[in-house]
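Encoded as C-alpha cells, the structure appears first; notes follow it.
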Amino acid sequence: MPESIISIRDLTLGYYGSSVLESISLDIRAGEKLCIVGLNGSGKSTLIKALDRCIKPTGGGLYLKQKEYARYSKKEFARLVSYVPQLRPTPSISVKALVEHGRYPYVGFGRKLSARDRSMVEEAIAFTGLGGCENRLIETLSGGERQRAYLAMAIAQDTEVMLLDEPASSMDISSRLSMLELLSSINSKKGAAIVMIMHELADALTFADRICLIHNKGISACRKPDELLSSGLLEDVFGVKIHDVDNGRAYWFERIR
C-alpha cells in the first residue's frame, strides 16, 4: 500500500466560532485518486481549503510527508501541493502568462524563468490540449478551455499533490468526461495524487481509487468505490437508489426520498 503523503489528524475546521468539521482523521496516499463527496454545505470545500493552507484549523493537525504543515515555507509548500479552486479570477493575461505562474515557486526574486521552467510551461500547455492558444487572453476562452488553462498552471507547478474543487462544474458532458480523462492521465503519467471534490456521484464511482464521504461534520467512510457503494452509505446520505448498469462503468439514480 502506498505511503501517506498527507495525514489529517483529529482536525476541526470552522468559521467564526462555529465548527464545520469536527475531529476528522484521514490518510491521503501518494499517487491515489481520492474523490470527496457529500451534501451541499457538508464541508467539502472547507476541507480542501485547509489542505491548501487557505484556512487554519481550530484543532488537530495536518502533516505533509510526515512534517507539520506549519513547518513548510510558502515556497516549499507550493513545490509539493497545487490547488485549483472552484471560483477563480479571469485575469486579462495570456494563457502562457497564466501557466508561467505555476513555475514561480521555483524561481528567484526577479521571477526570471529558466530554460527548464519554460520547457515545463510548454509541456503543460501541450499536455492539456491548449497548443495554439498560448497567446490568447484567458477572458476569451470558453469555460472548458479556461479550466484547462488553470489545470495547466497546476501541472507546470509540478507538485506531488493536486487539490481540485469541482474542476468539471458547469461543463457539458463531453467536456466533463474530457476533463476526467485528462486528470486520470496526469495521475498515471505524472504520479501526482489527485484530491478532488466531485459533485457527480457517477463520475466519482468510475474515476476514484477511493471515495471520502463527508456527512454530519465528519467522515462517514473512505473506501474503494465498490465497497462504499455496497455499504449503502451513499444511498442513505443522498437519498437515492444507485443502480450499477454496466459493471462499475455506468450508473443511474432513483430518488427514494
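Numbering (my numbering), first residue to last: 1 to 257. The C-beta atom is built at its ideal place from N, Cα and C for all residues, glycine as well.
Measure the Cβ-Cβ separation of glycine 43 and leucine 13 and say whether it is below 9 Å.
-> yes
Beta-ladder partner(s) of phenylalanine 253, from DSSP = Ile242
Among Glu160, Glu235, Val20, Ala30, which one has its Cα closest to the Cα of serine 82?
-> Glu160
Please work out which residues of its chain come closer than 8 Å, Cβ to Cβ, to valine 245, disregarding the five sequence neighbours upstream and downstream, and give them in chain order.
-> Tyr251, Trp252
Using a threshold of 9 Å, state whether the C-beta atoms of isoleucine 197 and isoleucine 48 are closer than that.
-> yes
To the nearest angstrom, report how far apart aspartate 236 and glutamate 254 are at their CA atoms.
-> 12 Å
Less than 8 Å between the CB atoms is what I'm expecting for isoleucine 6 and isoleucine 28, so what's the real figure, rounded?
-> 4 Å
C-alpha gap between alanine 193 and isoleucine 93, whole angstroms | 29 Å
In angstroms with no decimal places, state the Cα-to-Cα distance between glycine 98 and asparagine 187.
-> One detail in the question is off: residue 98 reads as leucine in this sequence, not glycine. Near 22 Å, if we compare the C-alpha coordinates of asparagine 187 and leucine 98.
Nearest to asparagine 247 by alpha carbon, out of Leu234, Arg257, Pro225, Val240?
-> Pro225
Neighbourhood of aspartate 117 by C-beta, 7 Å cutoff - its chain only, sequence neighbours within 5 removed | Arg103, Tyr106, Val107
Are at least three pairs of beta-carbons, each pair with one atom in the stretch 124-139 and one in the stretch 74-81, less than 8 Å apart?
-> no
Given glycine 283 as reference, the closest of Leu213, Arg249, Asp165 once Cα atoms are compared = Because residue 283 is not part of the residues shown, which for the chain are 1 to 257, the question remains open.
Of the residues Glu139, Ser175, Leu183, Ser114, the one placed nearest alanine 152, counting alpha carbons only | Leu183
Within the same chain, show all residues whose beta-carbon is closer than 6 Å to that of alanine 124, passing over the 5 residues directly before and after it, in chain order.
-> Val99, Ala152, Ile155, Ala156
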